[in-house]
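Oh and the sequence shown: position 333 is 335 in full-length UniProt numbering, straight run, nothing missing.
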Amino acid sequence: KINIFWFRRDLRLEDNVGLYHALKSGLKVMPVFIFDTEILDQLQDRSDKRVDYIQQALVSLHRDLATLKSGLTIYHGKPLDVFKRLTEEFEIDTVFCNRDYEPQAIKRDQQVKDFLHKKDIGFSDFKDQVIFEKNEILKSDQSPYTVFTPYSKKWKEALQFIETFTSDFTNLVHLNNVPDIPSLEDIGFKKTEIVFTKPSLDIKIIKDYQQYRDFPALDHTTHLGVALRFGTVSVRKCVKFALEHSETWLNELIWREFFMQILFHFPYVVTRCFKKKYENISWRNNEEEFKAWCEGKTGYPIVDAGMHELNTTGFMHNRVRMITASFLTKHLLIDWRWGEAYFAQKLLDYDLSANNGNWQWAAGSGCDAAPYFRIFNPEEQTKKFDKDLKYIKKWLPDDDQPEPLVEHKFARERALETYKKALV
Ligand code: FAD
C-alpha cells in the first residue's frame with residue numbers, strides 16, 4: 003500500500019504540513035499533481051500567465067524531487083476521474099493534502115473524499131496556507147469578525163509558537179523513469195513571458211515597507227502574492243519574518259487571512275454584496291466606458307497607467323489597484339463585479355477572497371469598507387503618491403492621452419447621489 007500526497011496550492015517541499023504528515027505515516031508516498039480541467043476550461047486566455055507559472059513551478063518541484071530519487075506524477079482531467087484511475091492502478095491507504103477554503107475547492111474535496119471513503123481509502127487534509135482558519139478566530143460570542151482591526155488584534159493575541167514542518171523524505175516513492183512534466187502545449191496552453199523563480203524574502207524591502215509601500219514608482223512591495231497564492235512560499239515562514247522585521251507587513255498577511263475567513267463564513271459574497279443594501283445601486287454599466295477602463299483609456303493618467311501595468315505584467319501596485327477600482331465603481335458607476343472579473347482574468351496573484359474582498363471594499367459594499375462618500379480623487383492621489391509622475395510616465399510613455407471620460411466633480415456628485423438613493 004502507498005499514500006498519495008496531492009499538491010494543489012502548496013507547490014513546495016519545504017515546510018509543507020500535509021506532505022510532512024504523509025511522509026511521517028510510515029508508508030511510501032507518491033506525490034501527485036492534477037491539471038484540473040474544471041478550472042482550466044474556465045480560463046478565457048490560452049496564454050494565461052498563471053498556468054505558465056504553475057507549469058514552471060511544477061518543473062522546479064519535479065527537479066527537487068528528482069534529487070530525492072523521486073518525482074512528481076502529473077495527471078490532466080477532473081480530479082474525481084483521476085482518483086478513479088489512481089485507485090485502479092495503485093493500492094492506496096490514504097490521500098493527503100492541504101486544505102483550500104474556496105467554495106468550489108471545498109465541493110471538489112468533498113466529492114473526492116466521499117468517493118475514497120466508499121473504497122475504504124482515507125482522506126487527510128491539513129491547515130497549511132493560513133495561520134488561522136475557519137473558526138479559530140471568532141468574537142467572544144462565537145460569531146465571525148467582519149471588521150479588520152479587532153480581528154487582527156485577536157489574531158495577534160492567538161499567535162503563539164509557529165511550527166516549521168521539516169520533512170524526512172526517505173519515504174518518498176523511488177521512481178526510475180518518471181515522465182517529464184507536460185509542457186503548456188500538452189495541456190492546451192501557450193508560453194508567456196512569465197519566469198518562475200523560487201521566492202525569497204527580501205529583508206531590504208520588508209524593513210522599509212511601511213515607509214515606501216504606498217509609492218507605486220518605488221515598487222517597494224514584495225511581489226509575493228503569487229507565491230502565497232500557489233504556495234511556493236510558506237506563510238509560516240513569511241509571518242516569522244514579518245514578526246522580526248515589520249508589523250505593517252504582518253498586517254497585510256493578516257488582511258489576507260481576514261478576507262479568507264470572510265469568504266469561508268459568508269460564501270454568498272462571491273456573487274453578492276456583503277452589505278445587502280448595496281444591491282440597490284443603479285449601476286450605469288456603460289460597456290464602452292468599461293472597455294476604455296480595461297484598456298487604460300479613461301483619460302485619467304494614474305488610472306490608465308495602472309491598467310497598462312496590469313495588462314502588461316499581470317501585476318498592479320496596491321495603491322493603484324485601489325484608485326482604479328474606486329474609479330470604476332464610483333466615477334463610472336460600473337458594477338464592482340465587472341471590475342472584479344477583469345482583475346481575476348489578469349492578475350498573476352489573483353485570489354478569490356482577496357480580490358472579492360478588496361473590490362467590495364472599494365465599492366463600499368464590503369465588510370469594513372470605506373464609507374461610500376469617500377471618493378478617491380485621482381489627481382489628489384497622484385499628487386500624494388506619484389508627484390514626480392514617474393509611475394505614470396513608466397506605463398504611459400506617450401504624451402498623447404485621451405480626453406477624460408468624465409469630469410471629476412460631476413462624477414463625484416453623480417456617485418454620491420446614486421449611492422445615497424440606494425442606501426436610504
Ligand atoms: P505586499 O504588499 O508585499 O503584501 C504581502 C502579501 O500580503 C500580499 O502578497 C498578499 O498576499 C497580502 N496582502 C497585501 N495586501 C492585501 C489586501 N489588501 N488584501 C488581502 N491580502 C493582502 N491581493 C491578492 O493577493 N490577490 C488579489 O486578487 C487581489 N486583488 C485586489 C483587488 C483590488 C481592487 C485591490 C485594491 C487589492 C487587491 N489585492 C489582491 C490586495 C493587494 O493589492 C495585493 O495583495 C498586493 O498588491 C500584492 O502585492 P505584493 O505581493 O507585493 O504585496
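Yeah, the Cβ is synthetic: ideal placement off N, Cα and C, and Gly gets one too.
{"Asked": "Outcome for T314 when other beta-carbon atoms lying within 10 angstroms are tallied against a minimum of 16", "Found": "exposed"}
{"Asked": "heavy atom of the ligand FAD below 8 Å from M324 C-beta", "Found": "yes"}
{"Asked": "DSSP-derived helix/strand/coil call for C99", "Found": "strand"}
{"Asked": "Buried/exposed call for N287, threshold 16 Cβ in 10 Å", "Found": "exposed"}
{"Asked": "Spatially closest choice to K121 from E90, R48 and F128, by CA coordinates", "Found": "E90"}
{"Asked": "Whether D17 touches F128 by CB criterion (9 Å)", "Found": "no"}
{"Asked": "Beta-carbon proximity check, V19 vs N100, cutoff 9 Å", "Found": "yes"}
{"Asked": "The region 21-33 / the region 245-253 touching (three or more Cβ pairs under 8 Å)", "Found": "no"}
{"Asked": "Contact between the region 106-120 and the region 142-155 (3+ Cβ pairs under 8 Å)", "Found": "no"}
{"Asked": "Alpha-carbon spacing of residue 427 relative to S126, whole angstroms", "Found": "As shown, the chain starts at 3 and ends at 426. That puts residue 427 outside it, with no answer to give."}
{"Asked": "K30 in three-state terms, based on DSSP", "Found": "strand"}
{"Asked": "Burial state of H176 (16 or more Cβ within 10 Å)", "Found": "exposed"}
{"Asked": "Backbone secondary structure at L252 - three-state DSSP", "Found": "helix"}
{"Asked": "D38, DSSP secondary structure in three states", "Found": "strand"}
{"Asked": "Check: E104 C-beta below 8 Å from any heavy atom of the ligand FAD", "Found": "no"}
{"Asked": "S126 - containing beta strand (DSSP E), residue span", "Found": "G124 to F128"}
{"Asked": "Buried/exposed call for A307, threshold 16 Cβ in 10 Å", "Found": "buried"}
{"Asked": "Those residues which DSSP pairs with L140 across a bridge", "Found": "P146"}
{"Asked": "8 Å contact criterion, which S355 and L265 should meet: CB distance rounded", "Found": "4 Å"}
{"Asked": "CB-CB length for V61 against L186, believed under 8 Å", "Found": "11 Å between Cβ atoms; not a contact."}
{"Asked": "Exposure label - D337; buried when at least 16 CB within 10 Å", "Found": "buried"}
{"Asked": "Residues near L245 by beta carbon distance below 7 Å, same chain, minus five either side", "Found": "L252"}
{"Asked": "Status (buried if at least 16 other CB within 10 Å, exposed otherwise) for D370", "Found": "buried"}
{"Asked": "Three-state secondary structure assigned by DSSP to G341", "Found": "helix"}
{"Asked": "Straight-line gap, H222 to N5 (C-alpha atoms, nearest Å)", "Found": "43 Å"}
{"Asked": "For Y77, the three-state DSSP class (helix, strand or coil)", "Found": "strand"}
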